[in-house]
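The opening position of the sequence shown corresponds to residue 71 in my numbering, with each subsequent residue numbered one higher. Just so you know, even glycine gets a beta-carbon here, dropped at the ideal spot from N, CA and C. Worksheet: one structure, shown below.
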Amino acid sequence: MLRYDAKLPALLPSPSMHQIRKGLSLFPPPRQSHNLCSGVKKLSILLENQVSTWVSVTAKGEDIAKYVDLRGPVPGVAGLQPALKSLGNERDSIEHVAARLHTALVANGMGKNGQTVSWLLCVLSSLYWRVVGDAQKAVGCLQCALQTAPQHTRDVALVSLANICHQAGLLHSALIAAGTALSASPNLVAIHFTIANIYASMGDYQRALEFYYSTLSLQMNFEPAKERIRAIYCHSGKKFDFQAV
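Structure follows, in structure tokens:
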């Protein structure tokens, strides 16, 4: 995939020294020992089962209910809801979401006649396409979101785009998207954790650790970051120096 990827940016994303120091004080580097590492998952397993990150739109002061009717009947399938609930078919519940989004997009004009589709609807639509496994349509929706989103909300779409690129193996592109999000919002947990995971996939464990520690500085009980810190120390076979931090 590397030949399809963007070039590695000249200026790589990095957290603040304060954030790294705080993370280190909250979760000091574990001592490497057989007893400590025997129950720690291998880093490759953790990287293969990535935790997808998502910047909540409510954190940006947006109310989804303003754009999508979350309580009204689902168009075309309202009569099937009791049966679907009894079947417990999760796939059908996803299709309910699609129906609500389609109704909202129609009400919003769907970009016709020069109208601008709400960035929030574009982001929510991309999330739907990610869930059903169509990365191409998800990226298209995120492009729509980036074209219409206010500056302070662009990080929502950028983090989703970074996740898609990461899962596709386009690690440089993922780093560029996540780094741009970091520039806009330097104190969001999801962004720091996203960048840490990208660096870990690149094999740059020093920078990955820096971002896992900065993640903990923002949310000290974030267990996925702690799990990956342990895995890097136990299984990477490398030593790390934070004395200069």
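Between I246 and R200, the gap from beta carbon to beta carbon reaches 8 Å or more. About 6 Å separates the beta carbon of P85 from that of E280, a gap short enough to meet the 8 Å contact definition.
When the Cα atoms are used, T264 and A232 turn out to be separated by approximately 8 Å.
With respect to the 8 Å criterion, K308 and Y275 are classified as neighbours on the basis of their beta carbons. The three-state secondary structure of W124, taken from DSSP, is coil. Rounded to whole angstroms, the separation of the alpha carbons of H222 and T250 is 12 Å.
Put simply, of H88, L78, Y74 the residue whose alpha carbon is nearest the alpha carbon of A248 is L78. Relative to the Cα of V193, the nearest Cα in the group M290, A219, D204 belongs to A219. The region 179-223 contains no complete beta strand (DSSP E) run of 3 or more residues.
Of the other Cβ atoms in all chains shown, fewer than 16 fall within 10 Å of the Cβ of Q206; this residue is therefore exposed.
Per the coordinates, the alpha-carbon of K112 lies some 27 Å from the alpha-carbon of G203.
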